[in-house]
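Student:
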Amino acid sequence: MQPDVILDSLALGFAQIFMGWNFLILVAGCTAGLIAGAMPGLGSVNGVAILLPVTFLMPPTSAIMFLAAIYYGAMFGGSVSSIMLGIPGASTAVATVFDGRPMAVKGRAVQALMVSAFSSFYGGLIGTILFVVIAVPLASFALKFGPPETFVLMLLAFATFIGLGGDDTWKTIFSIAIGLLASTVGLDTISGQPRLIFFDLPGFFHGISFLVMAIGLYGIGEILWTTKEQGKESSITIPRFTLEDVKDGGRCIKRSFGNANMGAFLGYFVGILPAAGATPGSLMAYGLAKMFSKDPDSFGKGNPQGVAAPESANNAASTGSMLPMLTLGIPGSPTTAILLGGMFIWGLTPGPSLFKNSPDFAWGLISSLFVSNIVSAILMVATIPMFIAILRLRFSILAPIIYVLCFTGGYAPTHSMHDVWLMVLLGMGGFFLRKLDYPLAPAAIAIVLGPLAERNFRQALIGSSGDPTTFITGSICITLMLVTILLLAFPLIKGIVRNRKVGGET
Amino acid sequence: MKRTDLKRAEIIAGLLLMGLSIYTAVLSTGNPIGWQRGVGPGAGFVPFWLSIMMLVSTTVIVVKAFFGKIPESWNGILYFESTAEAKMVAWHIFSLLVALLIVPFLSLYGSIVFLILFHMKFLGRKHHSWMTTIVLAILYPIGIFLFFEILMQLIMPKGMLDPLFDPIFSLFAASPA
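Chains A and B, in that order, give the protein sequences. Per numbering that gives the first Met the number 0, the first sequence starts with residue 0, numbered consecutively. Per numbering that gives the first Met the number 0, the second sequence starts with residue 0, numbered consecutively.
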């Protein structure tokens, strides 16, 4: 598409935003999304699904602007509960807990929220620009990702955790394996057979939701850990909100800009893969940020780069995941699946002709992504003092408040008390293993990516009649597999180099 | 709660996880773990081999700990540094379990009231007045109810108290949209 045509179309889109009530609708959407995202157990999917009926009263352009604003607001808000409470509000915000929460515990919540707000804004901005400029060629490249390529991509994501160093390799392998195993509990999606129904409890038939494990490990487990580390009656952190903190936040943003940049491009690309969405993008961005860091050991202990990469990636990916929805009618995430349903209800047909037949709708959506990004960032920064006030509460008030949010977050997805019990038990298990340096992040990542990885693994093998060489066939697979092998060999190589250095010094 | 050193804790935890791995491996064999004609890998294939992966990794962890290969930073460190620390964790776990046991009888809102009273007046009694505690014990469940059940329309567990909520719901249902 020619640049002047793009600019004219964008102007048409921006004009749509400022027509009638559209701008106010967009601000309302961002606010609703921010609240839904910040609330554990709720996310963009819940926000969009619950408010979809409201849009039936609006013209399609206003409706998609409202829903896209909720989607964006939720992406910003998801990091709030991850950082402030250690509870990932949605799977897209799981990786933000790893370093965002330790930053808050160390009294650097302002810095973490500022890095998160900026990175989310930057990721969204890059995602939207890429959406406009290179949408069509990238969509066709993403279609080359069949089951073998997607599986090898997942393998690469796990390999980054083994190859990163810092944690005990065998404990990392165990953590990944138990996370993947948890994702296989319940009805097998291919054969329909029940699997791993522990003690014949019916609650296991619907599987173990990633939220149950993530809230258990990072919500319940985190509070138990804080109880142990900080004693009987103390504040969960030393919360501050001074000008110096804001300046330090600016420095953190500057230092982590490279990671935000990497996260934006990686997240956008992963986001446009059909049925991948923002979660794998944010997790991979975290893995890569740690891998290429000069100080990988500081990750998981409050490194702002560990906040910047996933937050930038999940916003870029949320934009990217709209691409297959609009151009091919394939939703890239659960939220875009609901948006797609909305489009059908509004009488619109997704596909390449959408930009020709309904330019006001398509460009109105794209322009609203730009504006929603700015509005959400402003809303998030404006509410930082409110979030900091939460951390100033005494631990004996904060602990029951967080426990209740964990209960509601664990209960909401399946409406099952079985899941709440399981969440508490997993939280206790995670707490006891944490002292023994078992890394929890790989387990949380594995349970999220597990279903996608297993489905693609089995589909690839079925497609190749059981021939495992399908995973090393084709240029994409070979490239990804080579990187995976290099990552897996990384601890070994690092050990050899360290031994040689020690040998040389002595 | 017994205080124990990290090496012993590592071995005990490793053995328990080895047991879990064996249990899941056996449970996986309830489904086909091999290749099935026309279907591909059986439903038990992935869980079985993941269990084996867990078993191998925990075995290595236990063997390493048994032969004293533990991080240097663990030397002289106890699992719980003091009895007070262990007791406080035990109280938190106790409050969680009681709160869950309450739900079928007094609803989620009853367990919220219990958690607030227990943590503010039993664990943090020096710092909170009865007035603050009671205000929070009333307002927080109301806030949770209004946000989740009325605004987001997500039904929370109410156990035996379910019928008592019907008039409240009909109140909101009757209000003009």
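Here a beta-carbon is modelled for each residue, glycine too, at the ideal position from N, C-alpha and C.
Return the Cβ separation of Pro279/A and Ala440/A in integer angstroms, given the expectation that the two are a contact with Cβ distance under 8 Å.
Tutor: Looking up residue 279/A in the first sequence gives position 280. Looking up residue 440/A in the first sequence gives position 441. Wrong, their Cβ atoms sit about 14 Å apart, outside the cutoff.
Student: Got a sec? Which residues, its chain only, sit under 7 Å from Leu210/A by beta carbon, not counting five neighbours each side?
Tutor: Numbered from its first residue, the first sequence carries residue 210/A at position 211. Within the same chain, Leu210/A has close Cβ partners Gly40, Gly408, Gly409 and Pro412.
Student: Per DSSP, what are the beta-bridge partners of Leu77/B in this structure?
Tutor: The residue given as residue 77/B occupies position 78 in the second sequence. Here Leu77/B is bridged, per DSSP, to Asp4/B.
Student: On the CB-based measure, 16 or more other CB atoms within 10 Å of its CB, does Arg250/A come out buried or exposed?
Tutor: Numbered from 1 along the first sequence, position 251 holds the residue referred to as residue 250/A. Classification of Arg250/A: exposed, given that the 10 Å Cβ count is below 16.
Student: Please decide whether Val38/B counts as near chain A, where near means a Cβ-Cβ distance under 8 Å.
Tutor: Mapped onto the second sequence, residue 38/B falls at position 39. Closer than 8 Å to some Cβ of chain A, the Cβ of Val38/B qualifies, so yes.
Student: Comparing the C-beta of Asn74/B with each C-beta of chain A, is any distance below 8 Å?
Tutor: For the purposes of this step, residue 74/B is taken as residue 75 along the second sequence, with counting starting at 1. Chain A contact via Cβ: absent.
Student: Shortest alpha-carbon distance to Asn509/A belongs to which of Phe203/A, Arg433/A and Gly270/A?
Tutor: With chain A running from 0 to 505 in the structure shown, residue 509/A is simply not present.
Student: Terminal residues of the continuous alpha helix (DSSP H) containing Ile115/B?
Tutor: Residue numbering aside, residue 115/B sits at position 116 when the second sequence is read from its first letter. First-last of the alpha helix (DSSP H) with Ile115/B: Thr82 to Leu116.
Student: What residues of chain A sit near Phe147/B, judged by a beta carbon separation below 7 Å?
Tutor: In the second sequence, counting from the first residue as 1, residue 147/B sits at position 148. By Cβ distance, chain A contributes Thr407.
Student: Run through chain A and tell me which residues come within less than 7 Å of Pro43/B, C-beta to C-beta.
Tutor: In the second sequence, counting from the first residue as 1, residue 43/B sits at position 44. According to the sequence provided, residue 43/B is Gly. The question's Pro does not apply to it. Neighbours of Gly43/B on chain A, chain order: Arg194.
Student: Could you compute how far the alpha carbon of Glu221/A sits from the alpha carbon of Gly428/A?
Tutor: Your numbering for residue 221/A matches position 222 in the first sequence. Your numbering for residue 428/A matches position 429 in the first sequence. Computed Cα separation, rounded: 12 Å.
Student: Where Leu486/A and Cys476/A are concerned, what is the direct C-alpha to C-alpha distance, given to the nearest angstrom?
Tutor: Locating residue 486/A in the first sequence gives position 487, counting from the first residue. Locating residue 476/A in the first sequence gives position 477, counting from the first residue. The alpha-carbon atoms of Leu486/A and Cys476/A are separated by roughly 15 Å.
Student: On a Cα-Cα basis, can you pick out the residue from Leu5/B, Leu19/B, Met119/B and Ala12/B that is closest to Phe197/A?
Tutor: Residue mapping note: residue 197/A aligns to position 198 of the first sequence, counting from 1. Of the listed residues, the one whose Cα sits closest to Phe197/A is Leu19/B.
Student: Using a Cβ-Cβ distance under 8 Å, would Ser128/B count as near chain A?
Tutor: For the purposes of this step, residue 128/B is identified with residue 129 of the second sequence, where counting begins at 1. It does not; no Cβ of chain A falls within 8 Å.
Student: Output needed for Ala158/A: all residues of its chain with C-beta closer than 6 Å, excluding positions within five of it in sequence on either side, in chain order.
Tutor: Numbered from its first residue, the first sequence carries residue 158/A at position 159. Cβ within range, chain order: Thr483, Leu486 and Leu487.
Student: Could you work out which residue in Gly305/A, Ala94/A, Tyr71/A and Ala62/A is closest to Leu339/A when comparing CA atoms only?
Tutor: Within the first sequence, numbered from 1, the residue matching residue 339/A stands at position 340. Minimum Cα distance to Leu339/A is reached at Ala62/A.
Student: Residues of the region 377–411 of chain A in Cβ contact with chain B at a cutoff of 8 Å, in chain order, please.
Tutor: Contact residues of the region 377–411 of chain A toward chain B are Arg393, Phe394, Ser395, Ile396, Ala398, Pro399, Ile400, Tyr402, Val403, Phe406, Thr407, Tyr410 and Ala411 (C-beta to C-beta distance below 8 Å).
Student: Met159/B CB to nearest chain A CB: under 8 Å?
Tutor: Working through the second sequence from its first residue, we reach residue 159/B at position 160. No, no contact with chain A.
Student: Check the Cβ-Cβ distances between Val97/B and every residue of chain A, and say whether any is below 8 Å.
Tutor: Translated into positions along the second sequence, residue 97/B becomes position 98. For Val97/B, the answer is no, since every Cβ of chain A falls outside 8 Å of its Cβ.
Student: Evaluate the contact criterion for the region 3–17 of chain A versus the region 351–366 of chain A: three or more CB pairs, one atom per stretch, below 8 Å.
Tutor: yes
Student: Is the region 73–90 of chain B touching the region 21–39 of chain B, taking contact as three or more C-beta pairs under 8 Å?
Tutor: no
Student: Any idea if Trp224/A is buried or exposed, counting beta-carbon neighbours within 10 angstroms, 16 or more meaning buried?
Tutor: On the first sequence, residue 224/A is found 225 positions in, with the first residue counted as 1. That one is buried.
Student: Take Asp167/A and list the residues in its own chain whose beta-carbon comes closer than 7 Å to its own, dropping the five residues that flank it on each side.
Tutor: Within the first sequence, numbered from 1, the residue matching residue 167/A stands at position 168. Only Asp436 meet the Cβ criterion.
Student: Does any CB atom of chain B fall closer than 8 Å to the CB of Thr30/A?
Tutor: Here residue 30/A corresponds to residue number 31 of the first sequence, with the count starting at 1. Answer no: the Cβ-Cβ gap between Thr30/A and chain B never drops below 8 Å.
Student: Can you tell me the Cα-Cα spacing of Asp418/A and Ser297/A, whole angstroms?
Tutor: In the first sequence, the residue the question calls residue 418/A occupies position 419. In the first sequence, the residue the question calls residue 297/A occupies position 298. The alpha-carbon atoms of Asp418/A and Ser297/A are separated by roughly 33 Å.
Student: Would you mind telling me which residues of chain B sit closer than 9 Å to Arg100/A, beta carbon to beta carbon, in chain order?
Tutor: Taking the first sequence and counting its residues from 1, the one referred to as residue 100/A is at position 101. None at all; the shortest Cβ gap to chain B is about 18 Å.
Student: Buried or exposed: where does Pro399/A fall if 16 or more other Cβ atoms within 10 Å of its Cβ makes it buried?
Tutor: Position 400 of the first sequence, counting from 1, holds the residue named residue 399/A. Buried is the call here.
Student: Nearest CA to the CA of Val102/B: which residue from Gly41/B, Leu160/B, Val45/B and Phe164/B?
Tutor: Counting from 1 along the second sequence, the entry for residue 102/B is found at position 103. Taking only the C-alpha atoms, the option nearest Val102/B is Leu160/B.
Student: Taking the alpha carbon of Pro40/B as the point to measure from, which residue in Ile69/A, Gly346/A and Asp187/A has its own alpha carbon closest?
Tutor: Against the second sequence, residue 40/B aligns to sequence position 41. For Pro40/B, the nearest C-alpha among the options comes from Asp187/A.
Student: Would you please verify whether the beta carbon of Lys493/A is less than 8 Å from any beta carbon of chain B?
Tutor: Working through the first sequence from its first residue, we reach residue 493/A at position 494. So, not an interface residue.
Student: Looking only at DSSP bridge pairs, what is Arg194/A linked to?
Tutor: On the first sequence, residue 194/A is found 195 positions in, with the first residue counted as 1. Answer is Gly185/A.
Student: Tell me whether His126/B is buried or exposed, calling it buried when 16 or more other Cβ atoms sit within 10 Å of its Cβ.
Tutor: The residue given as residue 126/B occupies position 127 in the second sequence. Label assigned to His126/B: exposed.
Student: Measuring only the C-alpha atoms, how far is Met0/B from Leu26/B?
Tutor: In the second sequence, residue 0/B corresponds to position 1, counting from 1. In the second sequence, residue 26/B corresponds to position 27, counting from 1. Only weak support is given to the placement of Met0/B: the predicted model assigns it a pLDDT of 47, under 50, and the value that follows is read from those uncertain coordinates. If you take the alpha carbons of Met0/B and Leu26/B, they lie about 32 Å apart.
Student: Could you tell me which chain B residues have their CB closer than 8 Å to the CB of Ser366/A, listed as they occur along the chain?
Tutor: Counted from its first residue, the first sequence places residue 366/A at position 367. Those within 8 Å of Ser366/A in chain B number zero; the least Cβ separation is about 29 Å.
Student: What's the C-alpha gap between Leu49/B and Thr58/B?
Tutor: Mapped onto the second sequence, residue 49/B falls at position 50. Mapped onto the second sequence, residue 58/B falls at position 59. Computed Cα separation, rounded: 14 Å.
Student: Hey, quick one: how far does the alpha helix (DSSP H) through Gly123/B stretch, first residue to last?
Tutor: In the second sequence, the residue the question calls residue 123/B occupies position 124. Under the DSSP assignment, Gly123/B falls outside any alpha helix (DSSP H); it carries neither an H nor an E label.
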